[in-house]
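Heads up: the structure comes next, in structure tokens.
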Amino acid sequence: RKTHPDTLATLATVFGLKAPPAATARVLELGCGTGENLLAIACALPGSSCTGVDFSAPQIAQAEDLMVAAGIGNARFICSDFNEIDATGQYDYVVAHGLLSWIPPEMHDDLIALCSACLAPGGLLYLSYNALPGWHQRQIARDFLLQETAEITDITAKVRDARAALATLAETVGNLDWAYGRIISDENDNVAKLGDSYLAHDLLETHNTAFYF
């Protein structure tokens, strides 16, 4: 909901900006994955035109299948490297949710420049990322799990062993009445609640950079 053009237009208005009309918005999502977020926007705003870009062919295929199954006609998906998309300032809203944290550091400036180039005059950008100092807490679990699964290349096995390692650590220290025990216990609860995709993406990805705002 934070990426929805209606939300972004409202926030922009509060801060004195003139936002593009959400109902007819041209929306670009970079790193759209399997498309659920973008398709929800397209469905809620039938007068909009929505474009999703991701370099993962399997995820783009899933997004297109979902689009057809839902009968959504105002969205399209592109399987491409971000540097190869048309950046001619044609989008009213550009969404890059979490993407900045999960690309190599040498690409950070390129992503910011791409977002700027894609925006139409007066357009709005939603750029989210893992933020410091809070993410230092989650980094404790990430560092531990990367170490425990360093020799495993198969992602299914990596997730399975990481889940088991975190559960064992939580059982060992979770009852400690100090910050470390609570951090590990809370992260183990997150993994149980949010599932394998969260564990693989947030805690086991090669790149996950947090920033001070």
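Quick note: the sequence shown, position 78, residue 85 per this note's numbering, numbers continuous. C-beta atoms are modelled at their ideal positions from N, C-alpha and C, and glycine is treated no differently. Just so it is clear, the structure is predicted and the values come from calculations on it, not from any experiment.
Bridge pairing for GLY59: GLU36 and PHE84 [DSSP]. With respect to the C-alpha of PRO28, the residue from THR41, HIS11 and GLU155 having the closest C-alpha is HIS11.
In the structure shown, PHE218 adopts extended strand secondary structure according to DSSP, grouped into three states.
If you check the CB distance, LEU153 and LEU173 do not come in under 8 Å.
Where LEU134 is concerned, the enclosing beta strand (DSSP E) starts and stops at 126-134. The DSSP assignment places 115-125 and 142-155 as complete runs of the alpha helix (DSSP H) inside the segment 100-167, in order along the chain (cut-off: 4 residues).
With 16 or more other CB atoms across the displayed protein chains lying within 10 angstroms of its CB, TYR98 is buried. Exposure of PHE22 is indicated by the presence of fewer than 16 other C-beta atoms within 10 angstroms of its C-beta. Secondary structure note for ILE190: its alpha helix (DSSP H) is the uninterrupted segment 186-201.
ASP184 and GLY129 have their C-alpha atoms spaced approximately 51 Å apart. Proximity to LEU73 across ASN44, PRO53, SER63 and GLU91 peaks at ASN44, based on C-alpha coordinates.
Excluding sequence positions up to five before and after PHE62, its CB lies within less than 8 Å of the CB of CYS86, SER87, ASP88 and PHE89, all in the same chain and listed in chain order. A straight line joining the alpha-carbon of ILE162 with that of ALA26 spans about 42 Å. Taken atom to atom, the span from the alpha-carbon of LEU118 to that of ASN182 is near 42 Å.
Of the candidates LYS9, GLU36, THR20 and GLY40, GLY40 places its Cα closest to the Cα of SER204. In the assembly as shown, LYS9 is an exposed residue. Its beta-carbon has fewer than 16 other beta-carbons within 10 Å.
Counting only residues of its own chain and dropping the five nearest sequence neighbours on each side, ILE92 has a CB closer than 6 Å to the CB of VAL60. Taking the Cα positions, VAL75 is about 11 Å away from ALA68.
Within a 10 Å sphere around the beta-carbon of ASP209 sit 16 or more other beta-carbons, which makes this residue buried. Annotation: GLN97 is outside any alpha helix (DSSP H) and is labelled neither H nor E by DSSP. In this structure, the beta-carbon distance from CYS50 to ALA30 does not fall below 8 Å.
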